[in-house]
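Take the sequence shown: its letter number 445 is residue 736 in our numbering, and every next letter is one higher.
We treat Cβ as the ideally placed atom computed from N, Cα and C, and that holds for glycine.
As the structure is a computational prediction, the values presented were derived from the model and not from experiment.
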Amino acid sequence: MKFDLIIANGTVATASDVFASDVAIKDGTIVALGRDLGPATRTIDAAGMYVLPGGIDSHVHLAQPSGDGIVMADDFESGTRSALFGGNTMVLPFCLQQKGESLREALKAYHALAEGNCYTDISFHLIVSDPTDAVLGQELPALVADGYTSFKVFMTYEGLRLNDAEILATMDVARRTGALVMVHCENEDAIRYLVGRHEDEGEVRPRAHATTRPIAAEREATHRAMSLAEIVDVPVVIVHVSNGAAIEEIRRAKARGRKVVSETCPQYLMLTADDLGGMDWEGAKFVCSPPPRDAAEQDACWNGIEEGTFDLFSSDHCPFRYDDPAGKLNPKGARSFRHIPNGIPGVETRLPILFSEGVMTGRIDLQRFVALTATNQAKIYGLERKGSIAVGLDADITIWNPETRRTIRHAELHDGSDYSPYEGTEVQGWPVTVILGGTVMVEHGRLIGKKGEGRYRSRALSSITRRHSP
Ligand code: URP
Ligand code: ZN
Ligand code: ZN
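Right, dumping it as C-alpha cells:
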C-alpha cells in the first residue's frame, strides 16, 4: 500500500507509552506504526520532535450570546483557528439554551454558525437553562440518542442557574439516557449576599469579583453537586475547579466510590486574585468564574494534577475583548465588577502552559500530559476515534518541538480577543505542525489548511456510563 503521509523519526507519546515510531496515514486514518513502513506520497521528518495526539479542549465557549450588548470575541472561525495553532484538533464548545427556547432551536443556530467555518473538529455540550417537562421528557433524551451526550448545568449566574430540584431532574435524564452532566459549582445565593455587601460598602472594582466568589461558595456547591449526583446515582463532571478545598471534596467522593470526573484549567495554575487588583481597570482582564485564588491554591491544583485527582485539563476559553464597549469595558462593566463579562481567552495557550509548567518541570510525565489534554477527553466525552495514536483512529496529530522557547504575546496568538491573561509568560515547548484527519493544517507555525476542514462530530456515550461490549 502507498500511504498518503508518513510522520518519520519522531517520538510518539500516548497516555500509556512513549516510543520511537513512524506513523503512517491513509484516507485520514492512522493505519500503521513502526519503522520502514513503505512508500508514501509525503513524508514529514519529525526527528527531535514529539508526535502527540491532537489536543482536545473539552471546555470552550464560542459565539455564545452574552446579553446586554456584550459580544464574545471568538466565533467558530477565529476560535478554532486559535485552537489549531495551539496544537488542538478538536474543541467542544457549548450550545446555550436561552430561557423559553428549545434545545433543538439553539442547536440549529449553533450548527449554522459553525458549518463550513471550523479549522478543528467540533462537538457540542448542551447548556440546560430551562428544564421544562418537554425538555427533560422528550428533547434531551432524543438529543442524547442523536449524539449530544453531555450537558452542563449551572449553580450560579442569574438566568442560568438551576435550583436543586431542577438539577436532580436533569441528572435523572442522564441516569436514564447514559449522558454525562457537567456542573458549574458556585453557590449563587452566597455570591448575591456578598455582592450586596460589597455594593453597600461602595466596592465596585474588578477585585471584588474574587472576594464575592470565595472558596467556601465553590466548595459548598461542589459538595452539593456531588451529593445530588449520588442521590440520583449518576456520574458527574465537576468543571473548572480552582482550589484545594473543592479538590478535597472531590477526593472524598472518589474515595467513597462515586464516579466523579474533575477538571481544572490554566488560570488556576498561573493566575491569582491579585491579578484582578491590577492598575486602573486592568483587573477586568482576569475576571472569570470561579476566580483565580492564591499561590497556595495553585499548589493544591498542581497537586491534584500530579497525584491524579484531575482527569481533564481544559482552557474554559471564554474570550471577550478588553478595550471594547462590547467586551470587558462595556459601559456598565467599566463602572462595576458585576457587569464585567466572565471569562478569559486561553484555547491557544492551554497546551504550551501545561507542557512547560508540567512536563518540563518534571511535575508530570508526557503520558499524563497526553491523558489530561486529549485521551481522557476522548474517553469521557465519547469520541471513539480520537485521543490517541493507534491504528484505526483519526489521524489527528500534533508534532511538538520540546526545545522551542517562546514568550506568550497576544500579538502572536490567533484568537479574536485583544489580550492574553498570560502575556509575558515564558514557556518551553510549542506545537509546530498540526494534522487534522490526515490533512496538514499548520506547518512550522504557518496556516496551510482551509477553513471548513474541521467538522462536527456526533458522540457516543461516555466510557464512564457506557456498558462495554467487544
Ligand atoms: O468565567 C467563566 N468561566 N466563564 C465561562 C462560563 C463558565 O462558567 O464556564
Ligand atoms: Zn462554568
Ligand atoms: Zn466555561
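Assignment of beta-bridge partners to K317 by DSSP yields T320. Taking non-hydrogen atoms of ligand 1 into account, the C-beta of G535 is found less than 7 angstroms away from none of them. Following the DSSP letters along the chain, one finds S349 inside the beta strand (DSSP E) bounded by residues G346 to V351. Minimum Cα-Cα distance from S393 among the listed residues A508, R612 and G428 corresponds to G428. Look at S580: its beta carbon is less than 7 angstroms from one of the heavy atoms in ligand 1.
Of the heavy atoms belonging to ligand 3, none sits nearer than 7 angstroms to the Cβ of D524.
DSSP, read as helix, strand or coil, puts W572 in coil. If you look at L663, you'll find it isn't in any alpha helix (DSSP H); DSSP assigns it neither H nor E. Counting only the Cα atoms, N621 lies some 8 angstroms from H630. When the alpha-carbon of T440 is set against those of Q668, K741, D524 and V661, the nearest one is in Q668. If you look at V486, you'll find it in the alpha helix (DSSP H) that goes E479 to D491.
For I538, the enclosing alpha helix (DSSP H) covers residues G535 to A546. Of the heavy atoms belonging to ligand 1, none sits nearer than 7 angstroms to the Cβ of N621. A straight line joining the alpha-carbon of A465 with that of P526 spans about 9 angstroms. When secondary structure is reduced to three states using DSSP, K390 falls in the coil class, being assigned neither helix nor strand. Here the alpha carbon of V472 sits roughly 35 angstroms from the alpha carbon of D318.
For E717, the enclosing beta strand (DSSP E) begins and ends at E717 to L727.
Shown here for I482: same chain residues with a beta carbon closer than 7 angstroms to its own, the five before and five after excluded, namely T447, T503, R504 and A508 in chain order. In this structure, M381 places its C-beta atom within 8 angstroms of the C-beta atom of I347. Under the Cβ criterion (8 angstroms, minimum of three pairs), the stretch 603-622 counts as touching the stretch 360-378.
Annotation note: the stretch 397-471 contains the following uninterrupted alpha helix (DSSP H) runs of length 4 or greater, listed N- to C-terminal: 431-436 and 455-468. Scanning the stretch 586-659 from its first residue to its last, the whole alpha helix (DSSP H) runs of 4-plus residues come out as 586-597 and 641-645. In the DSSP assignment, G325 is bridged to D313. For the 8 angstroms CB-CB criterion, S627 and R584 do not form a contact. The stretch 487-495 makes no contact with the stretch 543-554: fewer than 3 CB pairs, one atom from each, lie closer than 8 angstroms. The beta carbon of L459 is closer than 8 angstroms to those of L519, I522 and V523 in its chain, skipping five residues each way along the sequence.
For S553, the uninterrupted beta strand (DSSP E) run begins and ends at V551 to T555, by DSSP.
Distance from the C-beta of H475 to the nearest heavy atom of ligand 1 is below 7 angstroms. When beta bridges are read from the DSSP output, Y672 appears opposite no residue.
Residue burial annotation: E396 is exposed, with fewer than 16 other C-beta atoms found within 10 angstroms of its C-beta. With a cut-off of 8 angstroms on Cβ pairs, the stretch 647-665 is in contact with the stretch 336-344, counting three or more such pairs. Counting along the chain, M732 sits inside no alpha helix (DSSP H); it lies in the beta strand (DSSP E) bounded by residues T730 to E734. Under DSSP, the beta-bridge partners assigned to L343 are T689. Excluding its 5 nearest sequence neighbours in each direction, A751 has C-beta neighbours in its own chain below 6 angstroms: G673 and E675, listed in chain order.
Pairing A575 with G624 gives a Cβ-Cβ distance under 8 angstroms.
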